[in-house]
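Numbering (the numbering used here), first residue to last: 77 to 789.
Glycine included, each C-beta is placed from N, C-alpha and C at the ideal position.
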Ligand code: C2E
Ligand code: MG
Ligand code: MG
């Protein structure tokens, strides 16, 4: 794998190219050298041939001239047959260089004189192979053999032939001259060839050196930086964005590439950091988010396992925070959350060791992880209670937003490691359960997790199951609490209040189970059932008792029922079915159901009122609507919450507020009902301030249908 990669590398390819070029050049040089030696041989051959032709021609011309002269010189002595003169001339001629023989012969071809000196061959006829042609030739005649050039010429007087002369020239010296010349030529050529070879070798060596140099430059200038970049890219790929990109001061493209790569690396690392930060922090408060908290909790638990140290987890949830969003809008909600976060942070800094971790789990839930210190008071339980107490106190202080004082509480659940659980999932679940129990216990307080709470949660789940079908089984019933006119204490109506007679647990208060019905949506089936039962009962009062004539019944409606939008139609059909006159049915809606989206609420309320029923605002004063709100939603009455009524005698502020509500409501033509009247004094003061109606234990507790009919009778 690595090998193939290296073979495919830039450097390797370049080296292969260089080697291939060298091999090719060597081959070419080899062929050229071979060619050169061939050419040399050819050159030697050609020059030998031309030299031979040249020398042979010269020898022949010279020979021909010499033989003609010799024949001339021999004419007279042969005529007179002066053998001495012939001998002298012949000897003289044969002494000439390269002359092998001189033969003078008669017309028959018999030798008269032979130039070797002795007259031994006198009158013998010529036997050699060249003799015949020489004798027959009419004039100058030339014949060649390997070793000799034979030139003959007839000797004549006039037309009469006396004989002839033949001179043989030896070719040996010519041959040896020729071979000497060709040898020296070949040697010269070899010398030139060797020189050439040296040049070619030097050239090749230079080429090799050049190739090596180029390879070195390529390696340093191109391959190494690219390899380095590739290594860094690999690091990036495996998630290590901190890998250092090499610096480069080069001004060329590679330098530019390295610098661009470096910039890219920095920007990728920055993006990575940003993404991590975004993934691990809560955008609104800048605190750690659920993911970050979960991860560090897991890490902390892993470190602490078996060490014997304690951890405490605090789950803080703002009470009724939804109301803020609903009534004051999400911007205010965000601002409130920020203020809360800051208060929590300050408190945590005061109590938590430096290991404390604060996170927001989205919504209005904050979680704090505390680690018990080493010193005294290092007990996690003590530390957590102290912090929780401070938090409950601090967070109950009013917050000023948009010139309003907002009162909010916080419920806190606490769970301990390793006492309650050792795993993060269980710890978080426990914290949630404990927090929920703090809410059930009345909110704005804290609770430590206990195993009994699991049972409470179980009970809740079971309650939901039990509540299903409870109406059909006859476990649910409606109680009626009398409502009187303050002016003359006359009974004018009754509020329908749901009761649950559980087969095992006995009577369960609506404050316990309405919540469950509301959260599970069961209220959407139970609500209409209560409504039609109440209308039916009210019809019975009217029909059966003289005192019951004109009595209204007021039924509580959950926000969830209102929000479905089906309520106006339901009300109309129930009224039709029971025959109750619309003005005798009052619907009680809590402030939270009505406010928030004022436009939608107003439309829904208008549709409800169009059926003829009256709409009252229940628990008025506990929400955030304020008095001015009364102007904007179309309602018929308000029920002052019993917390105000309870203090109306002791607290001048509550009295002032109650008085203001009455005055404001009356100016808008709205009826005012006081609930929770338990004392004569409360009754009197409310009557004096002009309150219209009242209900409370003073006048009557919620009664069963039988009890109520007995009252009417
Ligand atoms: P609410 O509508 O404000 O009802 C008045 C509550 O105050 C009733 O509690 C009543 O028993 C209690 N109360 C009346 N006079 C006094 C008094 O003089 N002193 C004291 N301390 N309390 C008094 P209850 O019946 O437990 O109902 C609690 C809440 O449950 C109701 O508050 C209402 O919001 C809800 N609820 C009851 N029945 C229904 C129902 O059928 N549907 C819906 N959606 N909610 C219901
Ligand atoms: Mg009510
Ligand atoms: Mg009420």
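Cβ shell of residue i (< 7 angstroms), same chain only, five flanking positions each side left out
i, result
"residue 92", "none"
"residue 209", "217, 219"
"residue 356", "364, 365, 367, 368"
Any non-hydrogen atom of ligand 1 closer than 8 angstroms to residue i Cβ
i, result
"residue 783", "no"
"residue 586", "yes"
"residue 752", "yes"
"residue 602", "yes"
"residue 774", "yes"
"residue 554", "yes"
"residue 468", "no"
"residue 734", "no"
"residue 412", "no"
"residue 590", "yes"
"residue 399", "no"
"residue 599", "yes"
"residue 606", "yes"
"residue 778", "yes"
Residue i vs residue j beta-carbon contact at 9 angstroms
i, j, result
"residue 383", "residue 400", "no"
"residue 665", "residue 658", "no"
"residue 721", "residue 693", "no"
"residue 456", "residue 514", "no"
"residue 494", "residue 482", "no"
"residue 623", "residue 774", "no"
"residue 750", "residue 731", "no"
"residue 105", "residue 276", "yes"
"residue 417", "residue 425", "no"
"residue 685", "residue 744", "no"
"residue 557", "residue 571", "yes"
"residue 661", "residue 629", "yes"
"residue 354", "residue 555", "no"
"residue 288", "residue 319", "no"
"residue 414", "residue 361", "yes"
"residue 128", "residue 254", "yes"
"residue 709", "residue 663", "no"
"residue 419", "residue 434", "no"
"residue 719", "residue 697", "yes"
6 angstroms Cβ shell around residue i - same chain, five flanking residues per side excluded
i, result
"residue 195", "With a pLDDT of 47 at residue 195, under the threshold of 50, the modelled position of this residue cannot be trusted; read the value that follows with caution. Taken in chain order, the list of residues that qualify is empty."
"residue 297", "none"
"residue 540", "592, 596"
"residue 441", "393"
"residue 607", "631, 650"
"residue 321", "308, 337, 338, 341"
"residue 409", "400, 401"
"residue 519", "395, 485, 487"
Any non-hydrogen atom of ligand 2 within 8 angstroms of residue i CB
i, result
"residue 418", "no"
"residue 715", "yes"
"residue 632", "yes"
"residue 694", "yes"
"residue 371", "no"
"residue 664", "yes"
Same chain only: Cβ atoms within 8 angstroms of residue i, ignoring 5 sequence neighbours per side
i, result
"residue 265", "116, 119, 120"
"residue 216", "140, 143, 144, 227, 228, 229"
"residue 85", "299"
"residue 165", "146, 149, 150, 153"
"residue 641", "680"
"residue 466", "423, 426, 427"
"residue 508", "391, 489"
Residue i: CB within 8 angstroms of a non-hydrogen atom of ligand 5
i, result
"residue 572", "In the structure on display, ligand 5 does not appear, and the ligands it does have are ligand 1, ligand 2 and ligand 3."
Check: Can you list, in chain order, the stretches of the beta strand (DSSP E) that have 3 or more residues and sit fully within the region 427-504?
Finding: 433-436, 441-447, 475-477, 480-482, 486-493
Margin query: Quick test of the definition: if touching needs 3 or more C-beta pairs under 8 angstroms, does the region 598-608 touch the region 630-644?
Written below: yes
Checklist line | Segments of 4+ residues assigned as alpha helix (DSSP H) that fall wholly inside the region 709-785 | finding: 718-723, 728-743, 756-764
Notebook entry, point to check: Can we say the region 486-499 touches the region 515-529, given the rule of at least three CB pairs closer than 8 angstroms?
Noted result: The count of Cβ pairs closer than 8 angstroms, one atom from the region 486-499 and one from the region 515-529, reaches three, so the stretches are in contact.
Next item on the list: Answer yes if the region 762-780 comes into contact with the region 722-735, meaning at least three C-beta pairs across the two stretches below 8 angstroms, and no otherwise.
Entry: The region 722-735 vs the region 762-780: in contact.
Check: What residue ranges within the region 357-431 form continuous beta strand (DSSP E) runs of no fewer than 3 residues, ordered along the chain?
Finding: 387-394
Next item on the list: Please confirm if the region 180-188 is in contact with the region 243-258, defined as three or more CB-CB distances below 8 angstroms between the two stretches.
Entry: no
Notebook entry, point to check: Can we say the region 161-176 touches the region 255-264, given the rule of at least three CB pairs closer than 8 angstroms?
Noted result: no
Next item on the list: Taking only runs that begin and end inside the region 639-670, name each unbroken alpha helix (DSSP H) of 4 or more residues, in chain order.
Entry: Listed in chain order, they are 643-654, 667-670.
Check: Taking one C-beta from the region 499-512 and one from the region 365-379 each time, how about it: are there three or more such pairs within less than 8 angstroms?
Finding: Output reads yes: the region 365-379 touches the region 499-512.
Note to self: Ignoring anything shorter than 3 residues, give me the beta strand (DSSP E) runs that lie fully in the region 153-201, in order along the chain.
What the structure shows: Listed in chain order, they are 175-182, 187-190.
Next item on the list: Quick one: which unbroken alpha helix (DSSP H) runs of 4-plus residues sit fully inside the region 541-617? Chain order, please.
Entry: 586-596
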